[in-house]
Amino acid sequence: MPGLTSTAGRAGLALAIFSLCGTAAAQSSSPDSLTLTGIVRDFKERGETGGHTDFEWRPANGFGQYAYMVADELDDDGKPVFASQGYKIRNQWKDSAGRDIMPPRPHFPTKEGDMIGSRQSATGGACHAASDFAQWFRDVSGVNVSKPLPITLVRGTNGVYTFDDKQDPHFQNLGGFFPINGDMLGNSAGEDRNFHFTFELETEFTYEQGAGQVFRFIGDDDVWVFIDDKVVIDIGGVHSAVSQTIDLDRLDWLQDGETYSLKFFFAERHRTQSNFRIETTLSLRSVDLPTVTALYD
């Protein structure tokens, strides 16, 4: 990603954001931490032999957040579907609580009290083509390698589970979310860090209507979150740290007491920072991992 936008004071902001949440996540029966295991895939950048065209790419309309790069729903393999080269966001959409939210889609309409944002009217070249994008979250021989990667979310006194690369004991001395420095395909050219990788995480949870269940991401670069295979967080593009929040009570098709999937897709595509923070009141559970490349089985 390009230069970092300051997120000072975000811990206090998180407390304010979740102050209206129910107490379910903070009950004594809730675990103190959640360890979730996903898959990290390493890529070479576009300037290297065998490099991927979307990594170390500067979007045609410049660095920034882009929406609508992915379709509304996941495909039959449970992967995001390329929809466009993205529309650069000018102003954020916000909910009635002032939280940044995803731009509207058919299953995520604007609600009363929302602040309406804006985007550019033409696509902005945040990525290249469907065939290239399809490789981001799939094992492709000669293009990427993959292995499991666990992250641990710690429950705070406010009942919010948080993973933050700046607080996690493994990552806090790495200068950001750099899970594969010196590993897999090696560090980015001329660097002591690996800036070109994706991370996918598949989890599930039980929906509790009216309990104030919330999921929030703060970071860079591309991030998409899908609940019940429908996109609910849409932070595409190559940009500094930004956030989006989904309040699950907004998703009117969810049924109280039912179990649903939450699938998380992240891409780090550009120097010089990698920031990654999850905040949630959901008691997430890992599901079966997909197969990884033979090199890391």
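The numbering used here numbers the first residue of the sequence shown as 866 and each following residue consecutively. Here a beta-carbon is modelled for each residue, glycine too, at the ideal position from N, C-alpha and C. The structure presented is a predicted model; accordingly, all values stated were derived computationally and were not measured.
- prompt: Can you give the Cα-Cα distance for GLU1065 and GLY1101, rounded to whole angstroms?
  reply: Residue mapping note: residue 1065 aligns to position 200 of the sequence shown, counting from 1. Residue mapping note: residue 1101 aligns to position 236 of the sequence shown, counting from 1. Cα-Cα distance, rounded: 15 Å.
field: Ordered list of beta strand (DSSP E) runs contained in the region 897-958, each at least 3 residues
entry: 898-908, 929-932, 952-956
- prompt: Among residues of its own chain, excluding the 5 on either side of HIS993, which ones have a beta-carbon nearer than 7 Å to its beta-carbon?
  reply: As a position in the sequence shown, residue 993 is number 128, starting the count at 1. Correct list, in chain order: THR918, ASP919.
For SER961, the three-state DSSP class (helix, strand or coil): Counted from its first residue, the sequence shown places residue 961 at position 96. Correct three-state label for SER961: coil.
- prompt: With respect to the alpha helix (DSSP H) encompassing ALA995, which residues constitute its N-terminal and C-terminal limits?
  reply: As a position in the sequence shown, residue 995 is number 130, starting the count at 1. Counting along the chain, the alpha helix (DSSP H) containing ALA995 begins and ends at 995-998.
message: Give me the residue from THR1137, LEU1154, SER1148 with the minimum Cα distance to PHE928.
response: Your numbering for residue 928 matches position 63 in the sequence shown. The candidate whose alpha carbon is nearest that of PHE928 is THR1137.
message: Report the CB separation of ILE966 from GLN930 in whole angstroms; it is logged as a contact under 8 Å.
response: Residue mapping note: residue 966 aligns to position 101 of the sequence shown, counting from 1. Residue mapping note: residue 930 aligns to position 65 of the sequence shown, counting from 1. Contact doesn't hold; Cβ gap of about 13 Å is too wide.
field: Close-in-space but distant-in-sequence residues of the same chain around GLY903 (CB under 6 Å, 5 per side omitted)
entry: As a first step, residue 903 is located in the sequence shown; it is residue number 38 there, counting from the start. Excluding residues within five positions, the ones whose Cβ falls inside 6 Å are LEU1014, PHE1064, GLU1065, LEU1066.
field: Whole-angstrom C-beta distance between GLY990 and PRO924, which should lie under 8 Å
entry: Mapped onto the sequence shown, residue 924 falls at position 59. Mapped onto the sequence shown, residue 990 falls at position 125. The Cβ separation is near 5 Å, so the contact holds.
task: Check each candidate in HIS1135, LYS909, LEU901 and name the one with the smallest Cα separation from LEU1050.
output: Residue 1050 sits at position 185 when you count from the first residue of the sequence shown. Among HIS1135, LYS909, LEU901, the Cα nearest to that of LEU1050 is on LYS909.
- request: Please classify TRP1001: is it buried, with 16 or more other beta-carbons within 10 angstroms of its beta-carbon, or exposed?
  value: In the sequence shown, residue 1001 corresponds to position 136, counting from 1. Buried.
- prompt: Going by other Cβ atoms of all chains shown within 10 Å of its Cβ, with 16 needed for buried, is LEU1113 buried or exposed?
  reply: As a working note, residue 1113 is residue 248 in the sequence shown. LEU1113 comes out buried.
message: Our contact map puts PHE1080 next to LEU1127 with C-beta atoms below 8 Å; I'd like the distance itself, whole angstroms only.
response: Taking the sequence shown and counting its residues from 1, one reaches residue 1080 at position 215. Taking the sequence shown and counting its residues from 1, one reaches residue 1127 at position 262. Contact flag correct, Cβ pair sits at about 7 Å.
Through-space distance from GLU977 to SER1011, alpha-carbon basis: By 1-based counting over the sequence shown, the position of residue 1011 is 146. By 1-based counting over the sequence shown, the position of residue 977 is 112. The alpha-carbon atoms of SER1011 and GLU977 are separated by roughly 43 Å.
- request: With DSSP as the reference, label LEU1039 as helix, strand or coil.
  value: Your numbering for residue 1039 matches position 174 in the sequence shown. Reduced to three states, the DSSP call for LEU1039 is coil.
message: Going by C-alpha to C-alpha distance, which of SER1139, LEU1149, TYR933, ARG1150 sits closest to PHE1043?
response: Indexing the sequence shown from 1 puts residue 1043 at position 178. It is SER1139.
task: Just the C-alpha distance for LYS959 and ILE981, rounded to the nearest angstrom, thanks.
output: By one-based count along the sequence shown, residue 959 stands at place 94. By one-based count along the sequence shown, residue 981 stands at place 116. Computed Cα separation, rounded: 7 Å.
task: Tell me whether ASP1029 sits in a helix, a strand or coil according to DSSP, three-state version.
output: Locating residue 1029 in the sequence shown gives position 164, counting from the first residue. Strand at ASP1029.
message: My output table needs one value for CYS886: the three-state DSSP class, helix, strand or coil.
response: Your numbering for residue 886 matches position 21 in the sequence shown. Because CYS886 sits at a pLDDT of 45, beneath the cut-off of 50, its placement in the model cannot be relied upon, and the point is left open.
task: Tell me GLU1069's beta-bridge partners as DSSP assigns them.
output: Here residue 1069 corresponds to residue number 204 of the sequence shown, with the count starting at 1. Paired residues: SER1126, ARG1150.
- request: Please list, in chain order, all residues of the same chain as SER1151 whose beta carbon is under 7 Å from its beta carbon, the five residues on each side excluded.
  value: To locate residue 1151, count along the sequence shown from 1; it is residue 286. If we look at SER1151 and ignore the five residues flanking it on each side, its Cβ neighbours are LEU901, THR902, THR1068.
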